[in-house]
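Here the structure is laid out as structure tokens; the discussion comes afterwards.
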Amino acid sequence: MKVRILYFAALREQLGTPGEEIEVPAGVATVAALRSHLRGRGGAWRLAFADGKLIRMAVNQDMAQSSAAIKAGDEVAFFPPVTGG
Amino acid sequence: MKVSVQSADFDAGAEMRALSRDPRVGAVASFIGVVREVGMTLEHYPGMTEKALARIVEEARGRWQVMECTVIHRFGHLQPGDQIVLAAVASAHRGDAFAACEFIMDYLKTQAPFWKKEAAGWVEAKAADDEAAERWK
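Chains as they are written, first to last, in the numbering used here: chain L, 13 to 97; chain G, 110 to 246.
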């Protein structure tokens, strides 16, 4: 299935891209699984998505826990803890 | 209820006067966030930002008597002294207006997708902000 992924702030800079559309391998059904799939790309991806790194996630523009399910056509965003206000 | 995410500055006085038009309004409480010491660039997540702010306002309306409410948050490049954010709440009495306004700011700090970048780098999120939001649970 295809999902749209967005990266913001420090994560966007680290990865050198604001986002992408990817074909998710079978078995990747949650945000946590997608995160480890991305980490598996190695290099900047391994560092940006390292275990223990504080990353917030959103699915279809709502804050999501890492256990949240993802489905075809979803917009999944990864970003550092927010610092507005 | 008004939520706006914009690069332009805002007129806080005009926004607050607009909140007290309803004759039942007896209190308008507000908070203005201002850029301190060094300039910054504010990035946000278009679409989600507006949705998150609207949700925070709805949550406040469920907890307190809120008659009108305005939340404006800027993005882009800002200089020291520039206004960043306005949260203003109109209610019949001050207790609800103060509480709802503080709640909106505490939730905005942890739930609304904005990120500040200064010349020295990205601003780190503060644990104190998480704690401030936690106390409303």
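All C-beta atoms, glycine included, are put in the ideal place defined by N, C-alpha and C.
Check	Outcome
Is the beta carbon of V36 of chain L sitting closer than 8 Å to the one on A80 of chain L?	no
Out of curiosity, what's the CA-to-CA distance linking A206 of chain G and A199 of chain G?	6 Å
With distances taken from CA atoms, which of G:D118, G:K111 and G:V112 is nearest G185 of chain G?	G:D118
Relative to the alpha-carbon of E152 of chain G, which residue among G:A138, G:S129, G:R172 and G:Q115 has its alpha-carbon at the smallest distance?	G:Q115
Among G:Y216, G:K111, G:E227 and G:A234, whose alpha-carbon lies nearest the alpha-carbon of A252 of chain G?	Residue 252 of chain G is absent from the structure shown; chain G starts at 110 and stops at 246.
Can you check the segment 29-68 of chain L for any alpha helix (DSSP H) of at least 4 residues that lies completely inside it and give the ranges in chain order?	43-51 and 56-60
Would you mind sorting E233 of chain G into buried or exposed? The rule is 16 or more other CB atoms within 10 Å of its CB.	exposed
At which residues does the alpha helix (DSSP H) containing K160 of chain G begin and terminate?	M157 to R172
Is K14 of chain L helix, strand or coil by DSSP?	strand
Between the alpha carbons of A62 of chain L and R47 of chain L, how many angstroms are there, rounded?	9 Å
Any beta carbon of chain G sitting closer than 8 Å to that of A21 of chain L?	yes
Anything in the segment 217-242 of chain G with a Cβ closer than 9 Å to a Cβ of chain L? List those residues in chain order, please.	L217, K218, T219, Q220, A221, P222, F223, W224, K225, K226, G230, W231, V232, E233, A234, K235, D238 and D239
For Y19 of chain L, which three-state DSSP category applies?	strand
For Q220 of chain G, which three-state DSSP category applies?	helix
For D74 of chain L and L162 of chain G, I'd like the C-alpha separation in whole angstroms.	11 Å
Classify G122 of chain G as helix, strand or coil using the three-state DSSP reduction.	helix
What number of angstroms, rounded off, separates the C-alpha of L187 of chain G from the C-alpha of F223 of chain G?	14 Å
Would you list, in chain order, the members of the segment 137-157 of chain G that have their beta-carbon closer than 8 Å to a beta-carbon of chain L?	G142, L151, E152, H153, Y154, G156 and M157
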